[in-house]
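Structure, as structure tokens:
In this note's numbering, the protein residues as written are 10 to 360.
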């Protein structure tokens with residue numbers, strides 16, 4: 010099976026679920042305002058760590074988009090543990106990546122991925138709070154209490170009608186979300202197709218199915234900048250090439266949560282001790298979840314459900330969904346070019 014066939018089959022397999030996931034991401038963006046998130050995580054302690062994990066998990070933010078939100082949460086008074094928990098859970102999973110995982114990897118991975126993200130986030134938050142104790146940095150209470158009523162009144166005024174919010178969700182999901190993930194999604198799909206077409210299925214078997222293979226996945230995923238959605242087809246390609254399910258899960262958990270940009274921000278804003286605890290929590294929890302997943306696959310003899318095989322024919326609606334997805338991605342890349350040309354022409358006329 011050649012590269013283009015594998016690539017297009019993977020696009021068709023994933024397109025309907027990606028379109029659904031992007032729409033759900035837009036709806037969540039409209040329903041859950043950032044001010045509410047900041048308020049929930051401003052309380053110190055274990056509860057805020059758990060809240061950070063559960064609030065961050067479904068949010069439609071990628072590895073770079075989560076950083077400014079996490080900084081805002083920190084400035085609102087969240088502990089280092091709650092901030093770290095949010096930083097882990099948010100990029101590791103989301104409604105778009107869960108639906109994509111179901112399409113490409115099957116229901117087991119679609120379930121284990123968010124569970125692993127929540128466990129990883131909570132453990133990381135606890136380690137950061139334990140290893141790097143601090144005085145909680147909070148904004149002055151007087152300014153908050155003085156503006157409390159005015160903020161509530163402003164929020165009530167800012168609530169848009171249901172129709173406008175749905176339109177906003179549609180624009181965000183199929184606009185900003187695709188713009189944030191399109192490049193890395195395409196890179197992930199291409200990488201998956203290359204791995205499937207060129208790497209023999211026995212290649213990764215030399216590392217075994219245990220701890221060594223997972224450590225290799227940590228080394229591969231640690232410095233990478235890759236969002237949860239884009240890591241899914243790469244994991245599918247690795248599974249097709251012979252890696253264990255647990256090692257694939259380790260890659261999907263460490264890749265989005267640990268990249269150079271995120272680690273730099275944590276070191277600058279939270280300190281070196283928090284960064285060490287953050288990495289220990291993410292890596293340790295990911296490997297533990299990977300080992301458990303391998304044991305579950307062996308104990309229950311679950312089959313791998315990887316949508317990387319060749320199909321004789323796809324339903325028409327799947328092919329149409331693939332065309333729509335490609336068109337939306339193309340629009341994201343082409344539209345800025347026309348905007349630049351219009352700006353240049355207007356500037357030339359003014360001159």
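Backbone N, C-alpha and C define an ideal beta-carbon position, used for all residues, glycine too.
Quick caveat: nothing in here was measured; it's all calculated off a predicted structure.
{"Check": "Contacts around residue 292, its chain only, beta-carbon distance under 6 Å, and the 5 residues preceding and following it disregarded", "Outcome": "227"}
{"Check": "Range of the contiguous alpha helix (DSSP H) that encloses residue 33", "Outcome": "12-40"}
{"Check": "Where residue 99 falls, given that 16 or more other Cβ within 10 Å makes a residue buried", "Outcome": "buried"}
{"Check": "The segment 87-94 touching the segment 242-260, judged by at least three CB pairs closer than 8 Å", "Outcome": "no"}
{"Check": "Buried or exposed by the 16-neighbour rule on C-beta atoms within 10 Å, applied to residue 38", "Outcome": "buried"}
{"Check": "Pairwise C-alpha distance: residue 27 and residue 297", "Outcome": "29 Å"}
{"Check": "Distance between residue 65 and residue 36 (C-alpha atoms, nearest Å)", "Outcome": "15 Å"}
{"Check": "Endpoints, alpha helix (DSSP H) assigned at residue 298", "Outcome": "281-309"}
{"Check": "The segment 323-341 touching the segment 128-141, judged by at least three CB pairs closer than 8 Å", "Outcome": "no"}
{"Check": "Backbone CA spacing between residue 303 and residue 311 [nearest angstrom]", "Outcome": "10 Å"}
{"Check": "Exposure of residue 157, with buried meaning 16 or more beta-carbon neighbours within 10 Å", "Outcome": "Unreliable placement is indicated for residue 157, whose pLDDT of 43 sits below 50; the coordinate value is still reported in the next sentence. Exposed is the call here."}
{"Check": "Rounded straight-line distance, which links the Cα of residue 261 to that of residue 43", "Outcome": "26 Å"}
{"Check": "DSSP state of residue 55 mapped onto helix, strand, coil", "Outcome": "helix"}
{"Check": "Beta-carbon proximity of residue 314 to residue 116, cut-off 9 Å", "Outcome": "yes"}
{"Check": "Beta-carbon proximity list for residue 20, same chain, < 8 Å, skipping 5 on both sides", "Outcome": "198, 331, 334, 335"}
{"Check": "Contact check, residue 241 vs residue 23, beta carbons under 9 Å", "Outcome": "yes"}
{"Check": "Cβ pair residue 30, residue 109 closer than 9 Å", "Outcome": "yes"}
{"Check": "Bounding residues of the alpha helix (DSSP H) (the contiguous stretch that carries residue 194)", "Outcome": "186-207"}
{"Check": "Residue 254 beta carbon less than 9 Å from that of residue 184", "Outcome": "no"}
{"Check": "Secondary structure of residue 141, DSSP reduced to three states", "Outcome": "coil"}
{"Check": "For residue 271, three-class secondary structure by DSSP", "Outcome": "helix"}
{"Check": "Three-state secondary structure assigned by DSSP to residue 116", "Outcome": "helix"}
{"Check": "Buried versus exposed call for residue 95 [16 or more other C-beta atoms within 10 Å across all chains shown]", "Outcome": "buried"}
{"Check": "Exposed unless 16 or more other CB atoms sit within 10 angstroms - verdict on residue 193", "Outcome": "buried"}
{"Check": "Beta-carbon separation (whole angstroms), residue 106 vs residue 237, contact threshold 8 Å", "Outcome": "4 Å"}
{"Check": "Nearest neighbour of residue 187, chosen from 111, 339, 127, 16 [CA to CA]", "Outcome": "339"}
{"Check": "Closest by C-alpha distance to residue 101, when choosing among 263, 290, 278", "Outcome": "263"}
{"Check": "Residue 221 versus 190, 202, 48, 257, residue with shortest Cα-Cα distance", "Outcome": "257"}
{"Check": "Rounded straight-line distance, which links the Cα of residue 200 to that of residue 218", "Outcome": "22 Å"}
{"Check": "For residue 93, the first and last residue of its enclosing alpha helix (DSSP H)", "Outcome": "89-101"}
{"Check": "Contact check, residue 57 vs residue 295, beta carbons under 9 Å", "Outcome": "no"}
{"Check": "Endpoints, alpha helix (DSSP H) assigned at residue 45", "Outcome": "43-49"}
{"Check": "Cβ-based neighbour list, residue 282, same chain, cut-off 8 Å, excluding 5 preceding and 5 following", "Outcome": "140, 141"}
{"Check": "Contacting residues, own chain, Cβ-Cβ under 7 Å from residue 34 (five flanking each side not counted)", "Outcome": "69, 103, 104, 105, 182, 186"}
{"Check": "Euclidean distance between Cα positions of residue 289 and residue 15", "Outcome": "37 Å"}
{"Check": "Own chain, CB closer than 8 Å to residue 25, minus 5 neighbours either side, in chain order", "Outcome": "112, 326, 327, 330"}
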